[in-house]
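The structure appears right after this line, and notes come after that.
Protein chains in written order, with our numbering: chain A, 1 to 557; chain B, 558 to 1114.
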């Protein structure tokens, strides 16, 4: 990206037209600041892919200009890409105390701790990079210690909200700093980037405090063990579970690696208060009276290898769910996870448990951490931006957010709905979206980063749907004829024992195809292979309506 | 199943602990009646499987006893298995006029029309099979012409509700016959089988009539074309769309094969009234003023090849969605389909359309066809059964339905939550669940029925996640050494061009493995293959954290 001197440019490398892998770039003149570096979990169409991270080739090309990675909060879609990012680029990371703790956990897992400068900031910090001056404001979200970012440039002020809601009765004094936001707005905002997750939802999101009273009530009524599953990162909700356990005189066991990790960091850093002696090990659970113990575990999204799933299928060594235990799913399934969550609920009922589940507003066991429409309008009203870029959402959310912006006075053509890679340039207070840089998905598969792509995934898709057929033929170079084979190996296609006739016909067809070619004096391997693929593919599709991958292997001796 | 003389047995071959492939079997002495023969769509874990139908081996073993297949209504999960069933068993089919029309469509597609006796019945019909006497009662559901089934046997009366709700202001006079149900209940019901789809939902389902007023309002407000997508089989909703089009003076085009088919059958058989000249062809749409035309199409569940998906991606030849057109999704995504539906909504917004979407109760554009809790309690109260078998639902739904039954007086141990294949035997008015017959899933994949199973699917899963590596080696029998290869073919594993070093090391490792074995005078192919798989699998996992399928191929010359 060739940027003019004294020009301001804004772009996303991830996070727009999607939920996940947030990464935003603000450049003024020759200084680049990155906001967030998230990951995204693949949907079922990305066969075998473990994680998706942003394509950072634009940053690699401009690495000498990068001054900082600012991280707004400690959720996976904002920090999950950091280890992969650091393997390519060494950039100092700025974040609050809890967020840094969670980043450190991640770097430790990847053996990267110590390689990069980690700088703790808070909402009063001020940072200068070239002619950019950054300061911050407190927001409230489903994890503590969140920041919005204000970037003052000679061209004007850019505000990035991070993830937020306006919870005015928050846990642990995590009030959104409305006064500071108002002041920023009064001083003039050139561009606002605001998150759009719940832009489709009318009204305002309920306070996290409401969840607390429902958890407490469930703990009171439970006659046996209570098992509660929620996102480990929702430290405020964890605090409410601790409070309910305390009030009902229960010990608390933690199950699930991320639950143990996050709770440990949160206690160490002062974001979670747990009385001494309350925490017990999972294997101690059974030694307490059931009405004196509770369990807090991961897996509320139905993840097959997480604690709740293993507990529900009696596949966890240290303790069991017994009849009349109470299981609480303190979350709402993210679209795509409903089936896995439902399967767990079925299993829990079969174990005889009392299960409290359903969408959060029905059970009162979950509230969203993201602003609804009225809150988004409040942010827009506080900031009064000249230009608006809705971020952090799929297209329909960005679209609805644009309508909200118009409803509170942002001019119609002053909202930019961008794709990842689209650049908004602002010069002399006029914003234009005209150019594009490289952006996209980088797939993490096993330890490989970027070593699978569309061709590999297309092959996996074909293999997954109809399997494959390997055909091995040995040809004599001198006699120009088949000396052994065809031998057929079928995987993922049909049961061999049920399909003997089919496979015999396959062999006959391949033999005939090869013999015909030989008699026409066609000996070139690639022609023989292509012809086998074509003839056999046609035959198999007619017979089975399947299109297995056909791999002819020719050995010449 | 060896049944005693004069004994009554009830079982499900599909439909319990699942939504889909409903098939229930009632046997008295030597006479078997089957109720429904449905199919089910596979979830994403069943790679490449097109359709799931019940395993009918129990029926094949008892074919001389089967007297009838009674079909309660024309939905896929009740009729979708019929073509596959008829290829194995020739059984007369009894159903109402519309249901038979939809079954005939299906048989025509499979070239089976005329092979089997199709007998039209209505709610006044009476059928006798041995000592069983069957009669029927009208119910209301999201498709017209639905029946409940009453089976009188010397042992007592068995009632099967079919799918139902209590819509007391229904479309087209499809009133549930509450008086007849009350009479059946008064005369005594031994066993009730009642559907459980919405057993988790409190209250009563709204009337289909409410949808009509919302559709009409949207048609009134639309300034351009209206495109409405719903289930083709919901003939009553289609009628309301026709009415709204009539009221707003719009022509109506139908897009999607099943929409055209179902509407044609419904008009022919008198379940749908469409004024002459109202229907136009899709390619005529653009020749009308946009405010004078509407489109009714399939694909409301986000099916990738259905009409709405193609329209939303501008991938449909005959007409286009233009800015300011109104698109209505008159349905709620079935769990698992949310992502596909969301993608379509995103695309529609990008085309500039006004999109009316969201859960049915919010937009008023959809109501469920299945009874909520209060309606299920009404059915249980009307029927006053001694024994209760909740059907048509996943475990948690059956479980909640059991609690509802208890709440209206069914004795706690008189409810049987069964699995497919579990038999409930009733003798001397006492029900017991003690034995099991073969039951399960038969997969339809292409034209193959039952030719894929767990091994094939396991292979597909491995192939889909990590791909495969074929290793070809040619060994000399006389010299006992490798004469050519190893040659490596990688598909769905890694990009070859990015992984040259890895693949070189693979070749080195295989060569060494084979040479080592040869020098130890180990020549047996299966040992060589096993050793290659083990060594190479270990190496590749260490290097890549992937586990591709490894297929060593040895040619001996």
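Every residue, glycine too, gets a C-beta built ideally from N, C-alpha and C. Quick caveat, the model's predicted, so the values are computed rather than measured.
query	result
Contact list for residue 338 of chain A against chain D, beta-carbon separation under 9 angstroms	No chain D appears in this structure, whose protein chains are A and B.
7 angstroms Cβ cut-off: residues of chain A touching residue 1003 of chain B	544, 545, 546
Endpoints, the beta strand (DSSP E) within which residue 168 of chain A is located	Per DSSP, residue 168 of chain A belongs to no beta strand (DSSP E) and is neither H nor E.
Buried or exposed (CB count within 10 angstroms, at least 16 for buried), residue 71 of chain A	buried
Inter-residue Cα distance where the pair is residue 1017 of chain B and residue 124 of chain A	55 angstroms
Own chain residues within Cβ distance below 6 angstroms of residue 559 of chain B, not counting five before or after	Because the pLDDT at residue 559 of chain B is just 48, under 50, the model does not fix this residue reliably, and the value given afterwards should be weighed accordingly. Closer than 6 angstroms at the Cβ level, and outside the excluded window around residue 559 of chain B, lies no residue.
Residues near residue 181 of chain A by beta carbon distance below 8 angstroms, same chain, minus five either side	137, 148, 379, 382, 383
8 angstroms contact criterion, which residue 669 of chain B and residue 822 of chain B should meet: CB distance rounded	Not confirmed; about 17 angstroms, so no contact.
One or two residues paired with residue 748 of chain B in a DSSP bridge	B:715, B:944
C-alpha distance - residue 883 of chain B paired with residue 907 of chain B, whole-angstrom precision	13 angstroms
Buried or exposed (CB count within 10 angstroms, at least 16 for buried), residue 777 of chain B	exposed
Nearest neighbour of residue 163 of chain A, chosen from A:177, A:183, A:142 [CA to CA]	A:142
Beta strand (DSSP E) segment containing residue 133 of chain A, residue limits	132-139
Cut-off 8 angstroms between Cβ atoms - residues of its own chain near residue 24 of chain A, not counting five sequence neighbours on either side	10, 11, 12, 13, 15, 34, 35, 36, 160, 193, 391
Beta bridge counterpart(s) of residue 709 of chain B as assigned by DSSP	B:690, B:714
Cα-Cα separation between residue 561 of chain A and residue 676 of chain B, rounded to whole angstroms	Missing from the structure shown is residue 561 of chain A; chain A here goes from 1 to 557 and no further.
Interface partners of residue 612 of chain B on chain A, CB under 7 angstroms	Here the premise fails: no neighbours, minimum Cβ distance about 15 angstroms.
Closer than 7 angstroms at the beta carbon, the chain A residues around residue 952 of chain B	346, 349, 350
Distance between beta carbons of residue 810 of chain B and residue 837 of chain B, contact taken as under 8 angstroms	5 angstroms
Cβ of residue 1068 of chain B within 7 angstroms of any chain A Cβ	no
Interfacial residues, the region 358-377 of chain A to chain B, with Cβ spacing under 7 angstroms	none
DSSP three-state assignment for residue 91 of chain A, whether helix, strand or coil	coil
Range of the contiguous alpha helix (DSSP H) that encloses residue 543 of chain A	525-544
Three CB pairs or more closer than 8 angstroms across the region 329-346 of chain A and the region 124-134 of chain A	no
Beta-carbon spacing of residue 988 of chain B, residue 972 of chain B below 7 angstroms	no
Reference residue 249 of chain A; option with closest CA among A:255, A:241, A:256	A:241
Cβ-Cβ separation, residue 506 of chain A to residue 536 of chain A (assumed contact under 8 angstroms), whole Å	7 angstroms
Helix, strand or coil at residue 339 of chain A according to DSSP, with G and I counted as helix	helix
Chain A contact for residue 843 of chain B (CB, 7 angstroms cutoff)	no
Residue range of the unbroken beta strand (DSSP E) whose run includes residue 485 of chain A	481-491
Cβ pair residue 239 of chain A, residue 171 of chain A closer than 7 angstroms	yes
Any alpha helix (DSSP H) of 4 or more consecutive residues that is wholly inside the region 560-647 of chain B	614-618, 633-636, 639-645
DSSP beta-bridge partners of residue 422 of chain A	A:436
Residue range of the unbroken beta strand (DSSP E) whose run includes residue 1070 of chain B	That residue, residue 1070 of chain B, is in no beta strand (DSSP E); its alpha helix (DSSP H) goes 1057-1076.
Distance CB(residue 701 of chain B)-CB(residue 731 of chain B) smaller than 7 angstroms	yes
Neighbourhood of residue 1108 of chain B by C-beta, 8 angstroms cutoff - its chain only, sequence neighbours within 5 removed	1025, 1026, 1027, 1028
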